[in-house]
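*Asks:* First the structure, which I've put down as structure tokens, then a few questions once you've had a look.
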Amino acid sequence: IWNATSGEEQHVLKGHSGVVLSVAIQDDTIVSGSGDETVRIWNATSGEEQHVLKGHSGWVLSVAIQDDTIVSGSGDETVRIWNATLGEEQHVLEGHSDAVRSVAIQGDTIVSGSWDNTVRIWNATSGEEQHELKGHSGGVLGVAIQGDTIVSGSDDETVRIWNATSGEEQHV
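Below is the structure:
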């Protein structure tokens, strides 16, 4: 952990036994995903590990946090929803047919992008899939959501813009 103003190192967070592939931060909570197939929750002020989240059977390639909800995407082709305070798994989201490379969350909407060339929209409370977005001809490496807009980037060298409610493609 680095101080953004001074550039000084504040803490080194040790606990993973594999490469750290993704990190996210919200207020005083840091989340990390690793090749050791775990998600870890850390206190940003103290540097202490709060929880180790186990459930994935592949590398954890992407993590996101919003309020008390953590979302993780993995090489095991699943998206998992966790309670950050309790450190407990809430839902396992299945539907992708290849590694989940990127996840994002906003409100009650989770977005995932996969090497299966699709973007999927899920309900964060129920875990139900809302839409499968097809259009990319290569793996989806990054997803983001803001308002009613989803953006996805792929190794097909395109960025696509989608409507989060309807699932319709807006622009390439």
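Sequential numbering of the sequence shown, starting at 1, is according to full-length UniProt numbering.
Glycine residues also receive a C-beta, built at the ideal position from the N, C-alpha and C atoms.
1. Does the pairing of the segment 46-56 with the segment 95-107 give three or more beta-carbon distances under 8 Å?
2. Only counting runs of 3 or more residues, tell me where the beta strand (DSSP E) segments fall wholly within the UniProt repeat "WD" (13-52), in order along the chain.
3. Name, in chain order, the residues that DSSP records as bridge partners for residue 83.
4. When DSSP builds the beta bridges, which residues end up paired with residue 169?
5. With which residues is residue 118 paired in a DSSP beta bridge?
6. Would you call the CB atoms of residue 63 and residue 111 closer than 9 Å?
7. What does the Cβ neighbour count give for residue 86, buried or exposed, with the cut at 16 atoms within 10 Å?
8. Residue 132 to residue 113, Cα distance in whole Å?
9. Residue 16 to residue 163, Cα distance in whole Å?
10. In its own chain, which residues sit with a C-beta less than 6 Å from the C-beta of residue 137, not counting the 5 before and 5 after it?
*Replies:* Well, looking at it:
1. no
2. 20-26, 29-34, 38-43
3. 69, 88
4. 162
5. 134
6. no
7. exposed
8. 10 Å
9. 37 Å
10. 156
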